[in-house]
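Novice:
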Amino acid sequence: MSQPEILNQAFELGYTYTRSTGPVVGRFLTGLKNRKLVGIKASDGRVIVPPMEYDPDTAEELSEFVDVGEQGEIVTFAWVKEPREAHPMNEPFAWAMIKLDGADVPMIHCVAAKSESDVTTGARVRAVWADETIGFMTDIRCFELV
Amino acid sequence: MSEEEQEMITKVEAPVYLKYNFTAGSAPTRFLAQIKKGVLAGQRCPKCLAVYIPTRGSCGRCGVPTVEEVELSDKATVQSFTIVSIPIPNNPIEPPFIIANVVPDGANVSFIHLMSECVNEEVHIGQRVQAVWKPEDEWGYSMDNIRYFKPLDEPDVPIELIGKLTVTGEEG
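Chains as they are written, first to last, in the numbering used here: chain G, -13 to 132; chain W, 162 to 333.
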């Protein structure tokens, strides 16, 4: 028997989930749609963004929403030299933990910068909104250095 | 505020896509090369003599390679089935339709395929079916060369004999 040809085929498996947000995350996403950032106050007074449904210490239901700023400070970051297909940017960028003004807990998002050396811990950043907001995390296209 | 609540976000699209590049191994390649010619080819275990389709290249029970190729019939028996009533995303077939595990004559295991030209409510285990093939010029390296299986006007196969018929459809 001669050597058979090698058979190769692209195959995509898709799970087309629609997730229910629940009232708390729904409120956060609704805020994004209106180009506002909303956190929630925990039992110890900390403001958590994105808001959590239950208190991290007491497990009690949380409900006190707090508006926070669209600017903040980089707490820590990782530079992505070679963005992959699923990443939010095609150019090199930073994943960063950003503590928004008025929040006590940092939130992860991407930061656009020309080079790694421009990004520093403590740097001030500002949200860049998408042209069209739909109520999704990508309504913030990225953060940019102030 | 009330206006804002009216347009409250309650759900988000969160799809997951897994992208594969599937390379057929030697046994599936042999199977696919035969299906391209309109032949259902199984492989026989040298030890327990079970005939497998589609071929994996080994016997799961005996743990030995399967080499001997066996040409099977395109007549088969329904081993199990389900009526699909809910549309499947990206699937062009409109429900209700029938997915069945069919055992081709000469094989001891079933494979999954569609059933059509049938009354859905009358499909049953042990029912005799036959492959309806696409036109030959459309054959490729694919199980889709068979459009679906349609009922045959033959007596049902008793449950204990399903998966035990010879390639000529007789009791093995």
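Backbone N, C-alpha and C define an ideal beta-carbon position, used for all residues, glycine too.
Quick check: is the beta carbon of residue 72 of chain G nearer than 7 Å to any beta carbon in chain W?
Specialist: It does not; no Cβ of chain W falls within 7 Å.
Novice: Going by DSSP in three states, residue 241 of chain W sits in which element: helix, strand or coil?
Specialist: Residue 241 of chain W falls in the strand class under three-state DSSP.
Novice: Using beta-carbon positions only, say whether residue 232 of chain W and residue 264 of chain W come within less than 7 Å of one another.
Specialist: Against a cut-off of 7 Å, the Cβ pair of residue 264 of chain W and residue 232 of chain W comes out as no contact.
Novice: Excluding sequence positions up to five away, which residues of its chain have a Cβ less than 7 Å from the Cβ of residue 115 of chain G?
Specialist: Only 21, 125, 126, 127 meet the Cβ criterion.
Novice: For the stretch 79 to 95 of chain G and the stretch 28 to 43 of chain G, state whether three or more C-beta atom pairs, one from each stretch, are separated by less than 8 Å.
Specialist: Counting Cβ pairs under 8 Å, three or more are found: they touch.
Novice: Strictly under 7 Å for the Cβ-Cβ distance: is residue 5 of chain G near chain W by that measure?
Specialist: So, interface residue.
Novice: Taking 8 Å as the limit between beta carbons, can you name the residues of its chain near residue 38 of chain G, skipping five residues before and five after?
Specialist: Excluding sequence neighbours, residue 38 of chain G sits near 10, 26, 28, 48.
Novice: What residue range is occupied by the uninterrupted alpha helix (DSSP H) comprising residue 184 of chain W?
Specialist: Here residue 184 of chain W belongs to no alpha helix (DSSP H); instead the beta strand (DSSP E) covers 177 to 184.
Novice: Report, in whole angstroms, the separation of the C-beta atoms of residue 293 of chain W and residue 308 of chain W, which I expect to be a contact under 8 Å.
Specialist: Confirmed, Cβ separation roughly 5 Å.
Novice: Decide if residue -4 of chain G is buried, meaning its Cβ has at least 16 other Cβ atoms within 10 Å, or exposed.
Specialist: Residue -4 of chain G is exposed by the Cβ-count criterion.
Novice: Between which two residues does the beta strand (DSSP E) carrying residue 11 of chain G extend?
Specialist: That residue, residue 11 of chain G, is in no beta strand (DSSP E); its alpha helix (DSSP H) goes 8 to 19.
Novice: Per the DSSP calculation, residue 93 of chain G is bridged to which residue(s)?
Specialist: Residue 93 of chain G pairs with G/84.
Novice: Look at the Cβ atom of residue 178 of chain W, then the Cβ atom of residue 0 of chain G, and state whether they are nearer than 7 Å.
Specialist: Against a cut-off of 7 Å, the Cβ pair of residue 0 of chain G and residue 178 of chain W comes out as a contact.
Novice: Around the C-beta of residue 227 of chain W, are 16 or more other C-beta atoms found within 10 angstroms, so that it is buried, or is it exposed?
Specialist: Residue 227 of chain W comes out buried.
Novice: Let me make sure I understand the geometry here. Which of G/63, G/80, G/61, G/62 has the alpha-carbon closest to that of residue 70 of chain G?
Specialist: Comparing Cα positions, the closest option is G/80.
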